[in-house]
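Student: First residue of the sequence shown? That's 938 in the numbering used here, and the numbers climb one at a time after it.
C-beta atoms are modelled at their ideal positions from N, C-alpha and C, and glycine is treated no differently.
These figures come from a predicted structure and were not determined experimentally.
Provided herewith is a single structure, encoded as structure tokens, for subsequent inquiry.
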Amino acid sequence: MKRNEPLPLDEEQVRRHLRMEDLIPAMEKALIDFSAGKVTQPVRSVITVDPPGGFFGMMPALTPDGLGIKIVTFYASNAERGLPTHMATIFLVDPETGTPLAVMDGTLITEMRTAAVSAAATKLLAPPDAKVLAILGSGVQARSHVPALRLVRNFEEIRVSSRTPEHAEHFAEEIGAKAMSAEDAVRGADVIVTATNSKTPLLRGSWLKLGCHVNAVGACRPDWRELDNDAMANVVFVDSREAAMKESGDVILSGATIYAELGEALAGKVPSRANETTIFKSLGMAVEDIAAALLVYRSAES
938 MKRNEPLPLD EEQVRRHLRM EDLIPAMEKA LIDFSAGKVT QPVRSVITVD PPGGFFGMMP
998 ALTPDGLGIK IVTFYASNAE RGLPTHMATI FLVDPETGTP LAVMDGTLIT EMRTAAVSAA
1058 ATKLLAPPDA KVLAILGSGV QARSHVPALR LVRNFEEIRV SSRTPEHAEH FAEEIGAKAM
1118 SAEDAVRGAD VIVTATNSKT PLLRGSWLKL GCHVNAVGAC RPDWRELDND AMANVVFVDS
1178 REAAMKESGD VILSGATIYA ELGEALAGKV PSRANETTIF KSLGMAVEDI AAALLVYRSA
1238 ES
């Protein structure tokens, strides 16, 4: 039956149709396709909404599998209002005809696909026997990373740190972790996630254990930082070179050398250098959103 109107899918429906076990390999394929030049994807276009200091982003992509756009808003001040800091909607169309296929909530997809991409990076770059996970941050991204990373490594200890100690305590209780300072969390950790709203460095390279892996998920603006220059002097992977040079304060302000896109390493086009200390600077890409949205749409339609 031909559908004249796009299928509407709310967050609960997205949750029902999206499994992290399926999402990680889908993200690997999306990253490989992107780095192989098979995706048409302009760098995200952002309008600043000031006041109150929000951002409105538009992220279109044409992939080998689909066509669509994500509209995303980021309002850091929402945290004080009890609202999500990130909200998103994804619109899928049929690449053959331009027919609208689905309009779905993109907030959960953003959370899950970001964690799935970090899991793909961790699977490739982290020590195979990684036992200690450190998470800096206590918001939705920090939370979504725990089940995703547990699928690719067997952690015996999880440490969490947050700017607000009671948030860290609450998060730690939820996941069976220990709350502590950022330095204590990071020292000796095999895998580190930074998922904060920080605008200045909170992770020091001098704390990093040799051979560990860092997933840097926050600091998505050209003047924001999570990692100091010492941390960025390690082997740096990005999702998109073009986007990192335009949007990542960690890359731009440190003058870091980008070793490779993650998709290049996943495809085996460059050595993973997994025995060295690695940094994956994740900005998030439309190709990831489209791949995740297609998983949801196909499952909902079947």
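Below 8 Å on the Cβ atoms is my contact criterion, and I expect D1226 with G1043 to pass it. Report the Cβ-Cβ distance as a whole number of Å.
Tutor: That belief holds up - the Cβ atoms of D1226 and G1043 are roughly 6 Å apart, short of 8 Å.
Student: Would you kindly report the start and end of the unbroken alpha helix (DSSP H) that includes E1110?
Tutor: Residues P1102 to I1112.
Student: Could you tell me which residues DSSP puts in a beta bridge with L1098?
Tutor: Per the sequence shown, the amino acid found at residue 1098 is Ser instead of Leu. In DSSP, S1098 forms a bridge with L1073.
Student: By DSSP, does S972 sit in helix, in strand, or in coil?
Tutor: Helix, per DSSP.
Student: Would you grab the beta carbon distance between V1207 and A1197 for me? Rounded to a whole angstrom, and I think it's under 8 Å.
Tutor: About 5 Å; that satisfies the 8 Å criterion.
Student: Excluding the 5 residues flanking G1186 on each side, which residues of the same chain have their C-beta closer than 7 Å to its C-beta?
Tutor: Contacts found: A1156, R1158, P1159, D1160, W1161 and R1162.
Student: Report the option in I1008, M996, L1061 and G991 whose CA atom is closest to the CA atom of T1215.
Tutor: If we check each option's Cα against that of T1215, L1061 comes out closest.
Student: Drop a sphere of 10 angstroms on the beta-carbon of G990, count the other beta-carbons inside from all chains shown, and report buried for 16 or more, exposed for fewer.
Tutor: Exposed.
Student: Please classify N1152: does DSSP put it in a helix, a strand, or coil?
Tutor: DSSP places N1152 in strand when its eight states are reduced to three.
Student: Please determine if the segment 1227-1237 and the segment 948-962 are in contact, where contact requires at least 3 C-beta pairs separated by less than 8 Å.
Tutor: Enough Cβ pairs lie closer than 8 Å, so yes.
Student: Out of curiosity, what's the CA-to-CA distance linking P1084 and H1150?
Tutor: Each residue's Cα considered, the two are about 17 Å apart.
Student: Can you give me the Cβ contacts of A1109 inside the same chain, cut-off strictly under 7 Å, excluding the 5 residues immediately before and after it?
Tutor: Around A1109: V1097, K1115 and A1116.
Student: In chain order, what are the residue ranges of uninterrupted beta strand (DSSP E) at least 3 long that sit wholly in the segment 967-1036?
Tutor: Correct list: 982-986, 991-999, 1004-1011 and 1023-1030.
Student: Spatial neighbours of Q978 within its chain, please: CB distance less than 6 Å, with the 5 preceding and 5 following residues excluded, ordered by chain position.
Tutor: Excluding residues within five positions, the ones whose Cβ falls inside 6 Å are A998, A1223 and V1224.
Student: Determine, using beta carbons only, whether A1180 and L1220 come nearer to each other than 7 Å.
Tutor: Their beta carbons are under 7 Å apart, which means A1180 touches L1220 by this criterion.
Student: Buried or exposed: where does L1147 fall if 16 or more other Cβ atoms within 10 Å of its Cβ makes it buried?
Tutor: L1147 should be labelled exposed.
Student: Which of the three DSSP states is assigned to D1127 in this structure?
Tutor: Of the three classes helix, strand and coil, the one that applies to D1127 here is coil, per DSSP.
Student: Would you report the Cα separation of A1052 and T985, rounded to the nearest angstrom?
Tutor: If you take the alpha carbons of A1052 and T985, they lie about 26 Å apart.
Student: Once the 5 residues before and after N1134 are set aside, which same chain residues still bring their CB inside 6 Å of it?
Tutor: Correct list, in chain order: A1013.
Student: Quick check on this structure: which residue in T1137, D1066, A963 and F1011 has the alpha carbon closest to the alpha carbon of L1232?
Tutor: The shortest Cα separation from L1232 among T1137, D1066, A963 and F1011 belongs to A963.
Student: Does the separation of the CB atoms of A1057 and A1126 fall below 7 Å?
Tutor: Their beta carbons are not under 7 Å apart, which means A1057 does not touch A1126 by this criterion.
Student: Would you mind giving the Cβ-Cβ distance between A1119 and L1145, rounded to the nearest angstrom? I have them listed as a contact below 8 Å.
Tutor: With a Cβ gap of about 12 Å, A1119 and L1145 do not count as contacting.
Student: Should R1018 be labelled buried (16 or more other beta-carbon atoms within 10 Å of its own) or exposed?
Tutor: Exposed is the call here.
Student: In this structure, what does DSSP give as the bridge partners for A1039?
Tutor: In the DSSP output, where bridge partners are listed per residue, A1039 has L944 and L1029.
Student: Beta carbon of H1104, beta carbon of S1081: below 7 Å?
Tutor: For H1104 and S1081, no; Cβs fall outside 7 Å.
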